[in-house]
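Line by line, the protein sequences give chains U, C, G and V.
Here the first sequence is numbered in numbering that gives the first Met the number 0, starting from 0 and rising by one per residue.
Here the second sequence is numbered in numbering that gives the first Met the number 0, starting from 0 and rising by one per residue.
Here the third sequence is numbered in numbering that gives the first Met the number 0, starting from 0 and rising by one per residue.
Here the fourth sequence is numbered in numbering that gives the first Met the number 0, starting from 0 and rising by one per residue.
To start, the structure itself, in structure tokens.
Number of protein chains: 4
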Amino acid sequence: MIHFECDYTQGAHPKIIEMLAETNMEQTTGYGEDGHCERARQMILEKCRNKDAYVQFLVGGTQANTTVIAAALRPWQGVISADTGHINVHETGAIEATGHKVIALSNKDGKIAAEQIDACCREHFSSGNAEHMVQPGMVYVSNPTEYGTLYTKAELEAIGKVCRKYDLILFVDGARMAYGLGAEGNDLTLADYAAISDVFYIGGTKAGALFGEAVVITDERLKKDFRYMIKRQGGMLAKGRLLGIQYEVLMEDDLYTELGRHANVLAAKIKEAFLRKGYESYMDSVTNQQFFILPLADLERLGEKYSYSFERNTDATHALVRFCTSWATTEEQVNELLSDVAAL
Amino acid sequence: MIHFECDYTQGAHPKIIEMLAETNMEQTTGYGEDGHCERARQMILEKCRNKDAYVQFLVGGTQANTTVIAAALRPWQGVISADTGHINVHETGAIEATGHKVIALSNKDGKIAAEQIDACCREHFSSGNAEHMVQPGMVYVSNPTEYGTLYTKAELEAIGKVCRKYDLILFVDGARMAYGLGAEGNDLTLADYAAISDVFYIGGTKAGALFGEAVVITDERLKKDFRYMIKRQGGMLAKGRLLGIQYEVLMEDDLYTELGRHANVLAAKIKEAFLRKGYESYMDSVTNQQFFILPLADLERLGEKYSYSFERNTDATHALVRFCTSWATTEEQVNELLSDVAAL
Amino acid sequence: MIHFECDYTQGAHPKIIEMLAETNMEQTTGYGEDGHCERARQMILEKCRNKDAYVQFLVGGTQANTTVIAAALRPWQGVISADTGHINVHETGAIEATGHKVIALSNKDGKIAAEQIDACCREHFSSGNAEHMVQPGMVYVSNPTEYGTLYTKAELEAIGKVCRKYDLILFVDGARMAYGLGAEGNDLTLADYAAISDVFYIGGTKAGALFGEAVVITDERLKKDFRYMIKRQGGMLAKGRLLGIQYEVLMEDDLYTELGRHANVLAAKIKEAFLRKGYESYMDSVTNQQFFILPLADLERLGEKYSYSFERNTDATHALVRFCTSWATTEEQVNELLSDVAAL
Amino acid sequence: MIHFECDYTQGAHPKIIEMLAETNMEQTTGYGEDGHCERARQMILEKCRNKDAYVQFLVGGTQANTTVIAAALRPWQGVISADTGHINVHETGAIEATGHKVIALSNKDGKIAAEQIDACCREHFSSGNAEHMVQPGMVYVSNPTEYGTLYTKAELEAIGKVCRKYDLILFVDGARMAYGLGAEGNDLTLADYAAISDVFYIGGTKAGALFGEAVVITDERLKKDFRYMIKRQGGMLAKGRLLGIQYEVLMEDDLYTELGRHANVLAAKIKEAFLRKGYESYMDSVTNQQFFILPLADLERLGEKYSYSFERNTDATHALVRFCTSWATTEEQVNELLSDVAAL
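Printed below as a string of structure tokens:
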């Protein structure tokens, strides 16, 4: 079976494994206050061109989302998100578990627009009845989105402007940021994320690390006591250096972006193969996740050899599915899929 | 100013005030374990034709919703509701504050249908991915709805059937139940609510009491330790007898339904007046809340003399508004409005 | 049966009932934004000699404690309290339900001292390990305490000073403030509470109202959006005027303090009677709650005619019990008890 | 600097690093449903002599405690713990963050006794006032305790008996279980833990793994939907196989217990050295954590070469400190310390 169902089916990039082995018997302080974390932090700050940003490393995406959102919001506030946003759909209510509503706006290509956020806030803050409704306190966007699409710099800046207008915190979920940074046509750098958003993270789990998300905070209010919040949410890793070590490797020579680019190139080939067969792309993704609406009969045939991610039936004979490449996907694996698709 | 903005602009039905004065210097046990509460409970159980149901009195609707929902759900479960449901829109995230997601389904006439609930559960429980999503654990319906419309007995029974299929708890928010019981065409009795749902409440605040909601629990699992939950949620009234006394009055000679009927008759007159002028009803309500889309110019004129509830602008020159009658609205007040509407 | 088990066995002071009846058919805006609430607010602010304080009315004590504490604390913070504090013992985990730990310090006479708070904070903030522990964010004191004892002005000022030192919010639970204001030897006025604490409340439920607690906020940070928090916690009373009306009566001619004084005088007589018999006072209360350690045999005899509050067995033949007077206790009731105690 | 401040200063046992490298490019299913996790599960069940137990792997201890406790308790319930328990002291309120009170009982040698739990429950359940207090729902014990001491099998069985009497869930925090299993005089096996408790975990983080805690559930009620709870708490590791792989190594040839024994032997030597110098042991630990009360002057000297864990000053010239060995501590490191202690 060749796995295309997600971007975390293997371990880590070999350089990471190597580095973990090399450093294994070093004795270090715990909880992310060791030299490896410190060095990884400096490398990230440099790429962000922001010496005052505050970097903390967490283990996983849901943990990062929950910790950041619950640290930022006051009890009566909610977080605005696309209805397709990971926090709204695939986190088993982890945000609500911290006492906050996800205010879902309808997505277009997996994204929300500045105008929608503005309308939502205008309606709330102009209502005589506002205190009977959840107060918007934050905007959450994933980039790349859950459907592989990308925000442009102009779009993100427009959202940032609305956020400042209503005193909302702008949070970018970068679980798959590597694939965004490495995408054709992408115009957002780490320095842009640091300049436009109040907090964002550089995802490792889905981009070559064993696990790990580097949270970068630029908003002063969020920095203070953030480590208390990590511990309270159960996210303080005892051997924190494991996270530092991995980011040292990923940040070196921009390996991180390189891994994303590798996966995107292979994903584009898969997309092309399906489109050439006349199949429909669900959303026009330029990154490593490709969604197609395919006949069930074809899916059954492909399923004998390839695993993919089943989303839902779209009608009696078709289903929406996802094919995913990663830093670890090989040219050979993709070529095999290409010829099998061509033969459908 | 004549108030039509809601159904709680006055104090309580005069008989309640009288009874509070009469019983004022009685010494009783606190926390709802006195003789008045006991008697009110028996009156309610009789009307529900269910001697084993468990009745507890709470002060307000948001408190009742929060206490019931958080007592019933396991941490990873959510509550299915119409997107227009009070818990989804107008409780400042009180449900999420207890750690649970409101799973909002699109409403039709303020209602959700058994088929929608079935589809939502089927999708969830058949997913290979279920544990990454909030598990449906309860269905919440308001009757009358937030828009004054009514579920029929057949509709509610169909929902109950789906609930049993997926082991969901069915909860009916009866904040305005008086207006439902007293509506033309209504075919649901208190005994029906007790038979079909697992828990519901008979709202007092909006139907002639100073405050108060009588929660009726028929599901065995919910009865045990429910009073701990009331206290934990801050809802245990020290002088609990105040609630018992009010329900004694409301249940006597079916005053409760009578008050609802009174308001509905007056609301129907208002509806007729607006329709006769060619204005549009937003939803076809048969109870005390009537929603209209009206020209802003007319609203301004009416607003000099009458208060109503502004919902939102529907276009540049129109707005959605609510006119509300209550047990306390007089024929004179309505007649004055009728002639002013006719003169628009 | 004559009730001495608590101070909320009757309805409300007759003047309150009268005023509720008089105002019953007035039409007012809901949610505490009516003229009665406004007037009651002004009366309170005047007594507090603080025109900028912010007053909101809530229904009960647990609700007030939960709403204030959860509004004030950040997620990783806890509230320091005497181990005998109401929030630590008798609220079924309502504070923890909002996600916060109660940091219990050992009490002396139901009170905690500035030095204890200082030591607790010093230990926390000087620890290299601080982020692994709950951060103190607030100090909660009840005055009178749960055992009827009183803080002096000097004691409360000392606590206030420590709070400013560590940036803690000082919160005074005044559920029984009437009995404090009316106590012999008390040197704390409402103006003092407003000057020393950041937030406190003037309890009505246990002092002559049907229900109600007037929360007075002087800390700017707590004022903003506090009403969202009330709604979120299920504490927004639809007919908010009921609270305003009651406080108008209680504040008029200082009826509130007068009711407290009445109860204290009667409680002192009961105390004297027990002490004269050679029984032991558990704590030296000067207010309406009196705790004694009594032989079980005597308790049984008294129990035939009087209800009291059983706290716990202290040894095989004795128990700790509470006798409580209130604004409604009569001279006759107390005299009857006095002669029965004398006859033991 | 030689580190004795905790048992997680290095990476993982070399066999774990080796196995991670070997398996790195395998493609597997995510979220702990792969073959490695399955095999590790079987190895654990065998050692537990319980084929029906349910095993899930989590990343860290606070996460494990929070997930288990919040999954087990109803909202109004609390968890009984020693006042020295990790959940009461060192988790930044993570338990309270899920809405539950930690009911702290005074410890003796870091432990609580069956009689204390019985008394606490008896007082609660016999109170007429029970619903105003948090209901005990679970007992939490750490073994080894936070001070390195051990429960005997008889002690744990006695606690288990009280738990069944009051329908409490018994939860054993085994973060340092390796050091307990490998301790001289220990009479508790994994099979005993499985037989006596309802849920416990076998800690990896502090015993040779990079990270990881294997939660073993024997209570039927806790098994259902437990994975939803893991995800909701942010604890679902995408590359779950990392946990399975590590436990395969630790369970093989009982490496796990062997690592604990190694550390205990070295810790005993350190203890002996300090006692021989006339210093005081704080608690009589038989495992890898040793607590001493030492003169500040001596600590300063030792501190130049060794790191230890500072707990608190005990008087003006002494402090309580911890020296900790681990699977990775070497004979040489300990011998160096021994001669430096002898030379004090």
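C-beta: ideal position from N, C-alpha, C; glycine also.
CA-to-CA distance, residue j to residue i, given in whole angstroms
i: V333 of chain V; j: L19 of chain U; result: 26 Å
i: A183 of chain C; j: S196 of chain V; result: The residue you asked about is not Ala; residue 183 of chain C is Glu in the sequence shown. If I take the Cα positions, the gap works out to 59 Å.
i: W326 of chain U; j: T91 of chain C; result: 43 Å
i: E21 of chain G; j: E247 of chain G; result: 13 Å
i: Q76 of chain U; j: Y146 of chain V; result: 41 Å
i: K223 of chain V; j: R121 of chain C; result: 19 Å
i: D339 of chain U; j: F290 of chain U; result: 17 Å
i: T204 of chain G; j: G173 of chain G; result: 11 Å
i: C36 of chain U; j: G243 of chain V; result: 26 Å
i: V214 of chain U; j: T286 of chain U; result: 22 Å
i: L169 of chain V; j: Y255 of chain U; result: 46 Å
i: V67 of chain V; j: T217 of chain V; result: 12 Å
i: G302 of chain V; j: T8 of chain V; result: 17 Å
i: A341 of chain G; j: E279 of chain G; result: 15 Å
i: V133 of chain V; j: V78 of chain G; result: 17 Å
As assigned by DSSP and simplified to three states, the class of residue i
i: L149 of chain U; result: coil
i: R311 of chain G; result: strand
i: P294 of chain V; result: strand
i: K238 of chain V; result: coil
i: Y278 of chain G; result: coil
i: M137 of chain V; result: strand
i: R48 of chain V; result: coil
i: I348 of chain G; result: Given a span of 0 to 343 for chain G in the structure shown, any question on residue 348 of chain G remains unanswerable.
i: K304 of chain G; result: coil
i: K107 of chain V; result: strand
i: D339 of chain G; result: helix
i: L221 of chain G; result: helix
i: I216 of chain V; result: strand
i: V264 of chain U; result: helix
i: C120 of chain C; result: helix
i: A174 of chain U; result: coil
Buried/exposed call for residue i, threshold 16 Cβ in 10 Å
i: R48 of chain V; result: exposed
i: T97 of chain V; result: buried
i: A193 of chain U; result: buried
i: F124 of chain G; result: exposed
i: L180 of chain V; result: buried
Any chain A beta carbon closer than 8 Å to residue i
i: Y307 of chain V; result: Considering every chain present, this structure includes no chain A. Its protein chains are U, C, G and V.
Any non-hydrogen atom of the ligand ADP closer than 7 Å to residue i Cβ
i: Y305 of chain U; result: With respect to the ligand ADP, the structure shown offers nothing to examine, as it has no ligands at all.
Task: Within 7 Å of chain G by C-beta, residues of the region 108–130 of chain U in sequence order - done: Along the region 108–130 of chain U, going in chain order, the ones with a CB nearer than 7 Å to a CB of chain G are E130.
Task: Contact residues within the region 185–214 of chain V, judged by C-beta distance below 7 Å to chain U - done: Residues T204, L209 and F210.
Task: Inter-stretch contact (C-beta, 8 Å, three-pair minimum) for the region 184–204 of chain C and the region 33–47 of chain C - done: Touching, per the Cβ criterion.
Open item on the list: Check whether the region 207–214 of chain C and the region 317–324 of chain U touch, using three or more Cβ-Cβ pairs below 8 Å as the test.
Closed with: Short answer: they don't touch.
- [ ] Check distances from the C-beta atoms of the region 67–95 of chain U to those of chain G and list, in chain order, the residues that come in under 9 Å.
- [x] Of all residues in the region 67–95 of chain U, only A69, A70, R73, P74, W75 and Q76 place a beta-carbon less than 9 Å from a beta-carbon of chain G.
Open item on the list: Check whether the region 51–61 of chain V and the region 269–289 of chain V are in contact - that is, three or more C-beta pairs closer than 8 Å.
Closed with: When Cβ pairs closer than 8 Å are counted between the two stretches, the region 51–61 of chain V is seen not to touch the region 269–289 of chain V, the count staying below three.
TODO: Taking only beta carbons into account, state which residues of the region 47–59 of chain G come closer than 7 Å to chain C, listed in chain order.
DONE: From the region 47–59 of chain G, only V58 and G59 have a Cβ closer than 7 Å to chain C.
Open item on the list: Please list, in chain order, the residues of the region 141–156 of chain U that have any C-beta partner in chain V closer than 7 Å.
Closed with: Taking 7 Å as the Cβ-Cβ cut-off against chain V, none of the residues of the region 141–156 of chain U qualify.
- [ ] For the region 282–294 of chain V and the region 305–318 of chain V, state whether three or more C-beta atom pairs, one from each stretch, are separated by less than 8 Å.
- [x] The region 282–294 of chain V, when compared against the region 305–318 of chain V, does touch it at the 8 Å Cβ threshold.
TODO: Could you list the residues in the region 213–232 of chain V with a C-beta less than 7 Å from some C-beta on chain C, going in chain order?
DONE: Listed in sequence order: D224, R226, Y227, M228, K230 and R231.
Open item on the list: Counting only Cβ-Cβ distances shorter than 8 Å, please list the residues of the region 24–40 of chain U near chain C, keeping chain order.
Closed with: Taking 8 Å as the cut-off between beta carbons, none of the residues of the region 24–40 of chain U comes near chain C.
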